[in-house]
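Novice: Quick one: the structure is below, and I'll ask about it shortly.
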Amino acid sequence: MDDSVAEHSRPLRILIADDSDSDRLILKTLLKRLGHEVLDVANGLDAVSVFQREAPDLVLLDALMPVMDGMEAARQIKLLAGERLVPLIFLTSLSEAGALARCLEAGGDDFLGKPYNRIIIEAKIKAFNRMRLMHRTLSDQRDLIRERNRQLTEEQEIAKRVFDNVAHSGCLDASNIRYHASPLSIFNGDVLFASPRPAGGMLIFMGDFTGHGLPAAIGAMPVAEIFYGMANKGFNGQDVLREINQKLKRILPTGMFCCGAMIEADFKLNQLQIWNGGLPDGWLIRTTGELLALPSRHLPLGILAPDQFNADFERVGAAPGDRVLMMTDGFLESADSAGNVFGEQGVTGTLDRLDDGDHPFDAMMSAVHRFTGNFEDGDDLTLCCLEMMDEAGLATLPDRAAPSALAGPAEWRCSYEIRERTLGEFSPLPLLLHICMEVPGLRRKSGEIYTLLAELYNNALEHGVLELPSEWKHSPEGFGRYYAERNRRLANVEGHYIRFTLHHSLKPDGGRLRVICEDSGQGFDFHNHPSVAPGNSPTMSGRYAGRGLLLLKRLAETIRFHEQGNHVEIVYDWQFARTAENRDD
Amino acid sequence: MTDKPHLDEEALAELRDVMEDEFEVLIQTYVADSRDRIRGLQEALRADDSDAFAKTAHSFKGSCINIGAPRLGDLCLRAEIAGKESRLDDASGLLDDIAREFEQVIAGLDGLMVG
Amino acid sequence: MPIQTRRYDDGQTLVIRIEGRFDFSTHQAFRDAYEHGDPHIRNYIVDLSDTTYLDSSALGMLLLLRDYAGGDSAGIVIENCNNDVRRILSISNFEQLFNIR
Chain X
1 MDDSVAEHSR PLRILIADDS DSDRLILKTL LKRLGHEVLD VANGLDAVSV
51 FQREAPDLVL LDALMPVMDG MEAARQIKLL AGERLVPLIF LTSLSEAGAL
101 ARCLEAGGDD FLGKPYNRII IEAKIKAFNR MRLMHRTLSD QRDLIRERNR
151 QLTEEQEIAK RVFDNVAHSG CLDASNIRYH ASPLSIFNGD VLFASPRPAG
201 GMLIFMGDFT GHGLPAAIGA MPVAEIFYGM ANKGFNGQDV LREINQKLKR
251 ILPTGMFCCG AMIEADFKLN QLQIWNGGLP DGWLIRTTGE LLALPSRHLP
301 LGILAPDQFN ADFERVGAAP GDRVLMMTDG FLESADSAGN VFGEQGVTGT
351 LDRLDDGDHP FDAMMSAVHR FTGNFEDGDD LTLCCLEMMD EAGLATLPDR
401 AAPSALAGPA EWRCSYEIRE RTLGEFSPLP LLLHICMEVP GLRRKSGEIY
451 TLLAELYNNA LEHGVLELPS EWKHSPEGFG RYYAERNRRL ANVEGHYIRF
501 TLHHSLKPDG GRLRVICEDS GQGFDFHNHP SVAPGNSPTM SGRYAGRGLL
551 LLKRLAETIR FHEQGNHVEI VYDWQFARTA ENRDD
Chain W
1 MTDKPHLDEE ALAELRDVME DEFEVLIQTY VADSRDRIRG LQEALRADDS
51 DAFAKTAHSF KGSCINIGAP RLGDLCLRAE IAGKESRLDD ASGLLDDIAR
101 EFEQVIAGLD GLMVG
Chain Y
1 MPIQTRRYDD GQTLVIRIEG RFDFSTHQAF RDAYEHGDPH IRNYIVDLSD
51 TTYLDSSALG MLLLLRDYAG GDSAGIVIEN CNNDVRRILS ISNFEQLFNI
101 R
């Protein structure tokens, strides 16, 4: 306010153009007495050139002047002023209406009659200065808004690029994933991440933050970091979800949250695990045509405290070719011109009409496209479809950049044991994988290492400590029973332990990792196990049923069982990478 | 129209107030300016240029009104109208009136200066 | 007014009734409805009988009310939802946090 008062009383630079020397002298003296700076000329041409050079705040112009008259000078001055408001007052003793109108048409803002009256002159100059300042404030504000908007768009563009780098480092482009997410969907609060799991399989997260714009986008970054960071290290969907929920609960204000769904696909076991908290129903579309809804069963992320958060996944068997479809609310809210929304009916209707050859993703996109008539609204939606695959048909994790084999720890040994109730609460796999990944030569093999560790660990836990018979998993009823029993038995693991001993050393052409996994379970008769000792033993006991052991044998140099079968030792060798030019991968 | 005074004492007093030390300069400027205008009117009349006659009369009128010489201003207005209506026959008589009135004004202003 | 409040005779229960759309535009009015600082209020009833629509920012506002009313110990009833409103509340599983009837 003080500024504007000062601004209002600041001396003005005023240009006078009048061919009458005495009139000019009177006016000039009057204005100087009022404290203004005065420039004066005797014709229109000079007025234009002085205006151009000195940029006065206000112009007083005689209508009739030699060389160039006031009308023409007014036109040129207004043109030069452009968007700037320079009040232009005609000095005139004209009284004929037509002549006065011509002055206004030429760009004049007012008249000042002769004889000059200093009170009127002062009042008019003040009034026009107010108008000039108001105009300037408005155009400054408009320019500021325009500039801010440009900045914001630019910043969003940069933020989006940064976000893309973080968010799309995953495997959204894998052949078995189809998705639609608008380029700026992040500013609608939508996120979609996908990552391969070190042991094979995939993890997908779709999220929808409350609100729009920056507040909605802000939570996306930590979620992306957590998702990719943890998925890469081999954490499962539950662990990742818990971490995301805990982080969002901590950083988001009450009232802001993230509806989301996590899908963990296991192509080895042919099963899907799904957690849906606040997103519309997902759908499993089987190759048989059967449809299974995957409804939201949980509160959105960022609402419940960690100890109240429920990260229980739903588990369903899914064969290669089965597809799972997830969408954000924006998809259901896609509206036609009359304001009708696509809705759940739109989704179920489309799914019910699916033909054999139809890809549900394409069917859904074209259905919503047809419904809305145009696709502008479609920019607010995210849709993703994951197809179950044959394990063999899936490309393994891409090799990371060729590491320097000399850097990093090469000769080391460690032992890690988890006991008692920790067995049911914590997976040591990410930690162990992390330790192994410190060895550059092993880093390229993270998938194989993870698989080795996971097979050893799962066998030790489920068949060693918990004594679950793996053949249960072969029937649909047994499948459910198996996992129910698993949870029940995990609550009762007093006195039990699983101990990993890892030992790494260098060899002339690479390195050797030796892993020993011991558990407190009963062990098994490995001497008569079909996979260990060739021979047709009917005692297909609970441990190492078929594929698990075969996998270990395939990946490791050697596998040996000790004691009563609850002590397994594997040896894994790796070779130095050849130079980049002649690597055959 | 002719009943207007040669000089508007009140207007002149205010001008003196505004101009302070420069009042004398103003009067001299006005007088010199006016002589130019009268010459301009004579030339326009000779050239039979009624448009130039009207414009010059208009400008002259403005400065007379401002300086406080209303009767001369009135005469200028009549000259302007005559010019606009292309009645240059009437104009020569008016021009004589203007010259005469101007002398009156000068005399009055001189008196003012001395006083 | 799209939001009206009244108190039960016992002086401990505040009824907040939302008319029309319950979305971000009602944010301030909804907050004003319960942030009046009356220490006697123990229970809140959010009456949605005239609520036609509810979006995720409304869910956020309900969470704010829950926080204000004591978090896990808050006594909040949400009642008279139409089908659309009910569906949105149940997709988000808000019955885990609120008594919805």
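Each protein sequence line maps, in turn, to chains X, W and Y. No gaps in the numbering here: position 507 of the first sequence is 507 in full-length UniProt numbering, and each next residue is one more. No gaps in the numbering here: position 36 of the second sequence is 36 in full-length UniProt numbering, and each next residue is one more. No gaps in the numbering here: position 89 of the third sequence is 89 in full-length UniProt numbering, and each next residue is one more. We treat Cβ as the ideally placed atom computed from N, Cα and C, and that holds for glycine. No experiment lies behind these values; they were computed from the predicted model shown.
In chain X, which residues lie with their C-beta within 7 Å of the C-beta of D67/Y?
Specialist: T254
Novice: Taking only beta-carbon atoms, is R136/X less than 8 Å away from chain W?
Specialist: no
Novice: If you measure from the beta carbon of D2/X to each beta carbon in chain W, is any gap under 8 Å?
Specialist: Since pLDDT at D2/X reaches only 46, below the 50 mark, its modelled position is unreliable, and no value is offered.
Novice: What do you reckon, are the CB atoms on P280/X and M327/X nearer than 8 Å?
Specialist: yes
Novice: The beta strand (DSSP E) that contains V515/X, what's its start and end?
Specialist: G510 to D519
Novice: Taking just the CA atoms, how far does I76/Y sit from F30/Y?
Specialist: Between the C-alpha atoms of F30/Y and I76/Y there is a straight-line separation of about 14 Å.
Novice: Does any C-beta atom of chain X lie closer than 8 Å to the C-beta of E43/W?
Specialist: no
Novice: Please decide whether I18/Y counts as near chain X, where near means a Cβ-Cβ distance under 8 Å.
Specialist: For I18/Y, the answer is no, since every Cβ of chain X falls outside 8 Å of its Cβ.
Novice: Terminal residues of the continuous beta strand (DSSP E) containing G282/X?
Specialist: G282 to I285
Novice: Identify each residue in the segment 9–38 of chain X for which the Cβ-Cβ distance to at least one residue of chain W is less than 8 Å, and report them in chain order.
Specialist: D19, S20, D21, S22, D23, L25, I26, T29, L30 and R33
Novice: Among F524/X, A42/X, G98/X and L506/X, whose alpha-carbon lies nearest the alpha-carbon of E411/X?
Specialist: L506/X
Novice: What ranges does the alpha helix (DSSP H) occupy inside the segment 436–513 of chain X, keeping only unbroken runs of at least 4 residues that lie completely in it?
Specialist: Fully enclosed alpha helix (DSSP H) runs of no fewer than 4 residues occupy 440–443, 446–458 and 476–490 of the segment 436–513 of chain X, in order along the chain.
Novice: Rounded to the nearest angstrom, how far is the Cβ of D519/X from that of Q575/X, given a contact under 8 Å?
Specialist: D519/X to Q575/X, Cβ: 31 Å. No contact.
Novice: At least one CB of chain Y closer than 8 Å to the CB of G211/X: is that the case?
Specialist: Taking 8 Å as the threshold, the shortest C-beta distance from G211/X to chain Y falls below it.
Novice: Helix, strand or coil: how does DSSP classify Q141/X here?
Specialist: helix
Novice: Quick one: grab the DSSP three-state call for Q156/X.
Specialist: helix
Novice: At the 8 Å Cβ level, is M56/X part of the contact set with chain W, yes or no?
Specialist: Looking at the sequence shown, residue 56/X is not Met but Pro. Not an interface residue.
Novice: Residues of chain W with a CB under 9 Å from the CB of R118/X: which are they?
Specialist: E14 and V18
Novice: Using a Cβ cut-off of 7 Å, which residues of the segment 60–87 of chain X contact any Cβ in chain W, in chain order?
Specialist: L64
Novice: Within 10 Å of its beta-carbon, does T52/Y have 16 or more other beta-carbons around it, so buried, or fewer, so exposed?
Specialist: exposed
Novice: Which full runs of the beta strand (DSSP E) of 3+ residues lie inside the segment 232–308 of chain X, going along the chain?
Specialist: 258–266, 271–277, 282–285 and 291–294
Novice: Report the three-state DSSP secondary structure of P428/X (helix, strand or coil).
Specialist: coil
Novice: Start and end of the beta strand (DSSP E) containing T52/Y?
Specialist: According to the DSSP assignment, T52/Y belongs to the beta strand (DSSP E) that extends over T51 to L54.
Novice: Using 8 Å as the limit for Cβ to Cβ distance, is V515/X near chain Y?
Specialist: no
Novice: Can you tell me which of the three DSSP states S337/X falls into?
Specialist: Secondary structure at S337/X: coil, using DSSP grouped into helix, strand and coil.
Novice: Is the separation between the beta-carbon of M262/X and that of G60/Y shorter than 8 Å?
Specialist: no
Novice: Here's a check: name, in chain order, each residue in its chain whose Cβ is nearer than 8 Å to the Cβ of L468/X, leaving out the five neighbours to either side.
Specialist: E462, Y482, E485, R486, R489 and G542
Novice: Would you say E387/X and G408/X are within 8 Å of each other, going by their C-beta atoms?
Specialist: no
Novice: Could you list which residues in chain X have their beta carbon closer than 7 Å to that of G62/W, in chain order?
Specialist: When 7 Å is used as the limit between beta carbons, G62/W is near these residues of chain X: S20, D23, S93 and K114, in chain order.
Novice: When you compare only the Cα positions, how much space is there between M68/X and T92/X?
Specialist: 16 Å
Novice: Nearest-angstrom Cα distance between A231/X and S195/X?
Specialist: Rounded to whole angstroms, A231/X to S195/X spans 6 Å at the Cα level.
Novice: Against chain X, with Cβ distances strictly below 8 Å, would I81/W count as a contact?
Specialist: no
Novice: Are the C-beta of I303/X and some C-beta of chain Y separated by less than 8 Å?
Specialist: yes
Novice: Cβ of G189/X within 7 Å of any heavy atom in the ligand ATP?
Specialist: Among the ligands in the structure shown, none appear at all, so the ligand ATP cannot be discussed.
Novice: Whose Cβ in chain X lies nearer than 8 Å to the Cβ of Q28/Y?
Specialist: Chain X residues near Q28/Y: none, gap ~13 Å exceeds 8 Å.
Novice: Counting only beta-carbon separations shorter than 8 Å, does L299/X have a partner in chain Y?
Specialist: Interface residue, yes.
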